[in-house]
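**Student:**
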């Protein structure tokens, strides 16, 4: 079997062809490694872990096996196409990890800059900080108060990584830590920026901070200095279309003293590396996210890797106890980021008897039997359909969306959005009867019949859509939800905005899809009163613990799971780590025994953008 006979995609074939032009005598195992490295990137892995594939058949349908590890590695080391981190070559070999050169550079650069930033402690007025923390977090009775500790570290460090599940108070923490920063000497001069990976997340972050200002026990001057606008990371950096280059970089840094990034678990390696490089060396970087949520659609799971090895050593514990009066547990860090990482553990949304909260804990613990047992208990906020059928699912969704369709008969966008956010269908994948496309098509056919709308009509009162691409002229962004309502001017699609609801003629909208069902990926950062999560009826590489956890924690009051027991177990048991080396680069020398072999990553269902130039 030749390379031409392998089931490679067009990107992989083009990459291999370019390598053959550079080195006509390149041996087949080297070219196979290059193709697999390219495929790994498309699956969300940053690199190709050679030991995972050595001696195996990488494509089950192809009768071809790779060399054993030692032989394969020797062939790679001998090839002029492959270099070390100091070489200029298309592919870079680091240990048993093979990288496309661009991604090795991203990872190495990001690790070095994060370590430099974490090691540089700014000057802090500790007496003022202690007073600020006591006043700003007086409402918390938990011990230790991790929100207060996170705020203390964010003021005392140039890097802060704050992770917490839904309802753990990440926004409350960040608005109060920003207030504490502004109360420091010279704080009134700080240039503070807010950013998030998507327009929807940025708008939600800005709104949350605006709402939280009023209750702060600080002066009006501090309230006025708090930012109330947020941008997408791409807009902040000045992305240039399909080019991997951005306007702001180390040579043209952002004019910021503090940058807060929300939903940081959605930021891929390439974007995070560009972001950190564009920050002035003395600026503070504060990353907020949930380490257990789905990783970025593109390559890398940066936020989760940053959270590995967290802990407070004895010096950090002593300092924090002096500043906060909190009894801080000593936990030896395994990462050189050390005490820059804080995990918020107390959920204010899910009470101790919450079924959703307990389900989330069992999923993250990998307890498949416990997950099934909990769903069988009949908790008020949990429901499980263990023998789902497509027809029954559509009937249940039609029932679930009935209050929304009733509200959509009126012309009030506020009432329509409130009803639409009361119930949402989430899926693991796009295709199939239990996927986004199949569900939306079946549901819309039923809705049109109920409303008396001809099947060929695309637009009707109540149609829900999701924007697929950013349109800065209209102020609409990928992931924004719009609802079609009847007005005196005809049908208009309304979107939530900073100053109320904005209506657009349907013909003006950028590319969009119907949105009665949406993927769990697209739901990240959103909250709904009730969620119905439908998992596929067949085994799927998309099913993972992170997807299951992310889906059920979008609900505030009730979760309904439609899934076969086998799919539940598959999701809970599959920890979809991504092959990468960032955590190892950040680890303390004694902790660098972390396995580099990773479980194959779940393939995302969204397109890639930074693979246009691979080396």
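In my numbering, the protein residues as written are 1 to 615. Yeah, the Cβ is synthetic: ideal placement off N, Cα and C, and Gly gets one too.
In terms of alpha-carbon separation, which member of 56, 62 and 76 lies closest to residue 68?
**Tutor:** Minimum Cα distance to residue 68 is reached at 56.
**Student:** Three or more C-beta pairs under 8 Å: does that hold for the stretch 150–164 against the stretch 270–286?
**Tutor:** Taking 8 Å as the limit for Cβ pairs, the verdict is that the stretch 270–286 does touch the stretch 150–164.
**Student:** Give the range of the alpha helix (DSSP H) segment to which residue 204 is assigned.
**Tutor:** First-last of the alpha helix (DSSP H) with residue 204: 199–213.
**Student:** Does the contact criterion of 3 or more C-beta pairs under 8 Å hold for the stretch 292–308 versus the stretch 573–588?
**Tutor:** The stretch 292–308 is in contact with the stretch 573–588.
**Student:** Rounding to the nearest angstrom, what Cα-Cα distance links residue 503 and residue 49 in this structure?
**Tutor:** Between residue 503 and residue 49, the C-alpha separation is close to 50 Å.
**Student:** Using a 10 Å radius around the Cβ and a threshold of 16 neighbouring Cβ atoms, would you call residue 139 buried or exposed?
**Tutor:** Label assigned to residue 139: exposed.
**Student:** Please name the residue, chosen from 245, 480 and 298, that lies closest to residue 495 on a Cα-to-Cα basis.
**Tutor:** Answer by Cα proximity: 480.
**Student:** Here's a check: name, in chain order, each residue in its chain whose Cβ is nearer than 8 Å to the Cβ of residue 120, leaving out the five neighbours to either side.
**Tutor:** If we look at residue 120 and ignore the five residues flanking it on each side, its Cβ neighbours are 158, 281 and 282.
**Student:** List the DSSP bridge partners of residue 484.
**Tutor:** DSSP output for residue 484 lists 493 as bridge partner(s).
**Student:** Could you check if residue 298 is buried or exposed, using at least 16 other CB atoms within 10 Å of its CB as the buried criterion?
**Tutor:** Buried.
**Student:** Considering just the uninterrupted stretch of the beta strand (DSSP E) at residue 532, what are its terminal residues?
**Tutor:** Residue 532 -> beta strand (DSSP E) spans 528–534.
**Student:** If contacts are defined as beta-carbon pairs under 8 Å, then residue 226 and residue 288 qualify, I think. What distance do you get, rounded to the angstrom?
**Tutor:** Incorrect: roughly 16 Å between the Cβ atoms, too far for contact.
**Student:** Give the C-beta separation of residue 247 and residue 237 to the nearest angstrom, bearing in mind that I take them to be a contact with Cβ-Cβ under 8 Å.
**Tutor:** Right, the Cβ-Cβ distance comes to about 7 Å (below 8 Å), so this counts as a contact.
**Student:** Can you tell me the Cα-Cα spacing of residue 589 and residue 113, whole angstroms?
**Tutor:** Going from the Cα of residue 589 to the Cα of residue 113 covers about 18 Å.
**Student:** Could you give the residue range of the alpha helix (DSSP H) that holds residue 272?
**Tutor:** Residue 272 -> alpha helix (DSSP H) spans 269–278.
**Student:** What does the Cβ neighbour count give for residue 70, buried or exposed, with the cut at 16 atoms within 10 Å?
**Tutor:** Burial call: exposed.
**Student:** From residue 232 to residue 486, what does the alpha carbon distance come to, in whole angstroms?
**Tutor:** The straight-line gap from Cα to Cα measures roughly 31 Å.
**Student:** Okay, do the stretch 203–220 and the stretch 247–257 touch, 3+ Cβ pairs below 8 Å being the bar?
**Tutor:** Result no; under three Cβ-Cβ pairs closer than 8 Å.
**Student:** Measuring CB to CB, does residue 430 end up less than 8 Å from residue 44?
**Tutor:** In this structure, residue 44 does not lie closer than 8 Å to residue 430 by Cβ.
**Student:** So, helix, strand or coil for residue 146, using DSSP?
**Tutor:** If DSSP states are grouped into helix, strand and coil, residue 146 belongs with the helices.
**Student:** Going by C-alpha to C-alpha distance, which of 269, 88, 19 and 33 sits closest to residue 110?
**Tutor:** The shortest C-alpha separation from residue 110 is found at 269.
**Student:** At which residues does the alpha helix (DSSP H) containing residue 224 begin and terminate?
**Tutor:** 220–225 is the extent of the alpha helix (DSSP H) around residue 224.
**Student:** When the Cα atoms are used, what is the spatial distance from residue 523 to residue 208?
**Tutor:** Their backbone Cα atoms lie some 18 Å apart in a straight line.
**Student:** Going by DSSP in three states, residue 290 sits in which element: helix, strand or coil?
**Tutor:** The answer is coil: DSSP assigns residue 290 none of H, G, I, E or B.
**Student:** Return the first residue and the last residue of the beta strand (DSSP E) that residue 500 is part of.
**Tutor:** Run containing residue 500: 500–504, per the beta strand (DSSP E) assignment.
**Student:** Helix, strand or coil: how does DSSP classify residue 121 here?
**Tutor:** In the structure shown, residue 121 sits in coil (DSSP, three-state: anything other than H, G, I, E or B).
**Student:** Quick one: is residue 88 buried, meaning 16 or more other Cβ sit within 10 Å of its Cβ, or exposed?
**Tutor:** So residue 88 ends up on the exposed side.
**Student:** With H, G and I counted as helix, E and B as strand and the rest as coil, what does DSSP make of residue 56?
**Tutor:** DSSP places residue 56 in coil when its eight states are reduced to three.
**Student:** Would you call the stretch 355–370 and the stretch 551–565 touching, i.e. three or more CB-CB distances under 8 Å?
**Tutor:** They touch, by the three-pair rule.
**Student:** What are the boundary residues of the alpha helix (DSSP H) that includes residue 638?
**Tutor:** With the chain running from 1 to 615 in the structure shown, residue 638 is simply not present.
**Student:** Mind the definition here: the stretch 468–480 touches the stretch 391–404 only if three or more C-beta pairs lie below 8 Å; say whether that holds.
**Tutor:** Not touching, per the Cβ criterion.
**Student:** At which residues does the beta strand (DSSP E) containing residue 512 begin and terminate?
**Tutor:** Where residue 512 is concerned, the enclosing beta strand (DSSP E) stretches over 512–514.
**Student:** Alpha helix (DSSP H) containing residue 18: first to last residue?
**Tutor:** First-last of the alpha helix (DSSP H) with residue 18: 10–22.
**Student:** So, with DSSP's three-state summary, where would you put residue 562?
**Tutor:** Strand, per DSSP.
**Student:** How many angstroms separate the CA atom of residue 29 from the CA atom of residue 9?
**Tutor:** In a straight line, the C-alpha of residue 29 is about 18 Å away from that of residue 9.
**Student:** In whole angstroms, what is the alpha-carbon distance linking residue 640 and residue 316?
**Tutor:** Absent from the model: residue 640. The displayed extent of the chain is 1 to 615, so no value can be given.
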